[in-house]
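S.K.: Quick one: this structure, given as structure tokens, is what I'll be asking you about.
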């Protein structure tokens, strides 16, 4: 990732750009991992010459760096080999072998036809010319066989150059895994393919062997299902408040591009006959996923006047207009009124305190050295404004401030106040007792009255009968 892009993503956290609880560990996350050792050291480069004669330099992998840096190195290495024309030379040598074999096969077929004619001919006078023609075909076959052998040597040399040049892009701890993989895939008998199946014979250095070594090298850093994880991770992205829309889409497109580069289950022993390789998102599908990564308000505005996005360019053009019309909270107004979303990122974070007026306006805080030394409110005034102590630390005569009762457990007037409070409490208790007695008497009278009324009603009912 470029330094400019790193500066844009500086300060972002995973919870700012990802939905969910963060339990998924993607092969390459939106917020790049930091590797302090890799940043401090000087990256070694390899000078190469491209097929068009232009010289270039490619970084050398020494085993230090983040997973994304390793992924970028592998892609840059493969592109460098392509730019140097090594794969093209191998393809030309392979085609030369194929053409020579075809010519040899045709020549053998012509010779066999002539030999059949010799066998079917009865007259000796007619067999002579046919035998001479068969001899010419045999000479041509020998020449073509030599051409096939030469073409095969050129093909082997071309592929050996690819393997040797690839090894130059690794050094130190980064080169040891590559050498081991190449030995096990090209020189060992028997050798094991990507699905864990044992194969008999020496494989040799072929293009298919190089591709398998490339994938096995990626597996030293990434898991077997890295492509599947990366593809699913794209659907969890969301636009953070402090990142511009264009920068967000650029980074998301880069992450989506890694899907086709990473190892997948099809390259492992877990694969079955039904397992298929992971394909990157199409233009329309990826644009739709990015639409759902936008804030809900932006999605609503987009759906009012647009159809499903056909590609990211169409989505970006429409969303940038919505971004200007409906800015996210904290993006508009002065910096004084902006909401800082970097202060609190989860419920457990504490609410940030307001800065003091002195700090806000750039003035220094007040402090009195005398009060700080001899006791007092040192933060309310400066030393030259102290009204409690003189410059020698003596208490000024005219000072009338609050007395410190920390050393005396009973301040003046405390005993008198306690007596008054005790008297009021006792008076309240006595009145409470009187109230309870009166309440009991009234309840008894009410019970007697109810009993009398019920007895009178019973007697009146008996008289009526």
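Residue numbers (the numbering used here): 218 to 682. Beta carbons are placed, not taken as given, at the ideal position from N, Cα and C, and that holds for glycine.
Hey, quick one: how far does the alpha helix (DSSP H) through residue 514 stretch, first residue to last?
M.R.: 513-522 is the span of the alpha helix (DSSP H), which, as asked, contains residue 514.
S.K.: May I ask you to verify whether the region 583-590 touches the region 603-612, counting CB pairs closer than 8 Å and requiring at least 3?
M.R.: With a cut-off of 8 Å, the region 603-612 and the region 583-590 count as touching, because enough Cβ pairs lie within range.
S.K.: Taking the CB atoms as reference points, tell me whether residue 334 and residue 321 lie closer together than 8 Å.
M.R.: The answer is no: Cβ separation not under 8 Å.
S.K.: Apply the 10 Å Cβ neighbour rule to residue 502 and answer buried if 16 or more other Cβ atoms are within range, or exposed otherwise.
M.R.: With fewer than 16 Cβ atoms within 10 Å of its Cβ, residue 502 is classed as exposed.
S.K.: Tell me whether residue 387 sits in a helix, a strand or coil according to DSSP, three-state version.
M.R.: In this structure, residue 387 counts as strand in the three-state DSSP scheme.
S.K.: Under 6 Å Cβ to Cβ from residue 426, same chain only, skipping five residues before and after it: list those, please.
M.R.: Cβ neighbours of residue 426 beyond the five flanking positions: 402, 403 and 420.
S.K.: Which of the three DSSP states is assigned to residue 330 in this structure?
M.R.: DSSP places residue 330 in helix when its eight states are reduced to three.
S.K.: Count the other CB atoms, across all protein chains shown, that sit within 10 Å of the CB of residue 284; report buried if there are 16 or more and exposed otherwise.
M.R.: So residue 284 ends up on the buried side.
S.K.: Over what stretch of residues does the beta strand (DSSP E) that includes residue 265 continue unbroken?
M.R.: Per DSSP, residue 265 belongs to the beta strand (DSSP E) from 262-266.
S.K.: Buried or exposed: which applies to residue 469, given that a residue is buried once 16 or more other Cβ atoms fall within 10 Å of its Cβ?
M.R.: Flag for residue 469 reads buried.
S.K.: So, helix, strand or coil for residue 684, using DSSP?
M.R.: With the chain covering 218 to 682 only, the question about residue 684 has no answer from this structure.
S.K.: Measure from the alpha carbon of residue 245 to the alpha carbon of each residue in 337, 641, 458 and 446, then state which is nearest.
M.R.: Answer by Cα proximity: 446.
S.K.: Cβ atoms of residue 399 and residue 287: under 8 Å apart, would you say?
M.R.: Cβ atoms of residue 287 and residue 399: not closer than 8 Å.
S.K.: Between the region 473-489 and the region 523-539, can you find at least three pairs of beta-carbon atoms closer than 8 Å?
M.R.: With the cut-off at 8 Å, the region 523-539 and the region 473-489 do not touch.
S.K.: For residue 652, which residues of its own chain have a beta-carbon under 7 Å away from its beta-carbon, when the five flanking residues on both sides are left out?
M.R.: Correct list: empty, nothing qualifies.
S.K.: Once DSSP output is grouped into helix, strand and coil, what is the label at residue 467?
M.R.: Looking at residue 467 - three-state DSSP - the assignment turns out to be helix.
S.K.: Once you ignore the five residues that flank residue 599 on each side, which residues in its own chain have a CB closer than 8 Å to its CB?
M.R.: Once the five neighbours on either side are set aside, the close Cβ partners of residue 599 are 583, 584 and 585.
S.K.: So, helix, strand or coil for residue 231, using DSSP?
M.R.: Of the three classes helix, strand and coil, the one that applies to residue 231 here is helix, per DSSP.
S.K.: Extract the residue ranges of the beta strand (DSSP E) inside the region 398-467, only unbroken runs of 3 or more that lie entirely within it.
M.R.: Taking only runs of at least 3 residues, no beta strand (DSSP E) segment lies wholly in the region 398-467.
S.K.: I'd like to know whether the C-beta atoms of residue 325 and residue 358 end up nearer to each other than 8 Å.
M.R.: Going by C-beta atoms, residue 325 is nearer than 8 Å to residue 358.
S.K.: State the CB to CB distance for the pair residue 396 and residue 279, rounded to an integer number of angstroms; the pair is presumed to be in contact (CB under 8 Å).
M.R.: The Cβ separation is near 14 Å, so there is no contact.
S.K.: Assuming residue 506 and residue 452 form a contact by the criterion Cβ under 8 Å, report the distance between their Cβ atoms to the nearest whole angstrom.
M.R.: Confirmed, about 6 Å.
S.K.: Using only CA atoms, which one of 361, 405 and 414 lies nearest to residue 316?
M.R.: Minimum Cα distance to residue 316 is reached at 361.
S.K.: Mind checking residue 289: buried by the 16 CB within 10 Å criterion, or exposed?
M.R.: It counts as buried.
S.K.: Does the Cβ of residue 429 have 16 or more other Cβ atoms within 10 Å, making it buried, or fewer, making it exposed?
M.R.: Buried, since its Cβ has 16 or more Cβ neighbours within 10 Å.
S.K.: Answer yes or no: do residue 456 and residue 542 have a C-beta to C-beta separation smaller than 8 Å?
M.R.: Not closer than 8 Å, so no.
S.K.: Per DSSP, residue 606 is paired with what?
M.R.: Partner(s): 612.
S.K.: Do you know whose CA, among 269, 268 and 273, lies nearest residue 217's CA?
M.R.: What is shown of the chain runs 218 to 682, which leaves residue 217 out entirely.
S.K.: With C-beta atoms as the reference, is residue 444 less than 8 Å away from residue 495?
M.R.: A contact, by the Cβ cut-off of 8 Å.
S.K.: Suppose you measure from the CA of residue 546 to the CA of residue 241; what does that come to, to the nearest Å?
M.R.: Distance between the alpha carbons of residue 546 and residue 241 is about 28 Å.
S.K.: From residue 310 to residue 433, what distance separates their C-alpha atoms?
M.R.: If you take the alpha carbons of residue 310 and residue 433, they lie about 26 Å apart.
S.K.: Compare the C-alpha of residue 473 against each of 460, 499 and 525 and name the closest.
M.R.: Per the Cα distances, 499.
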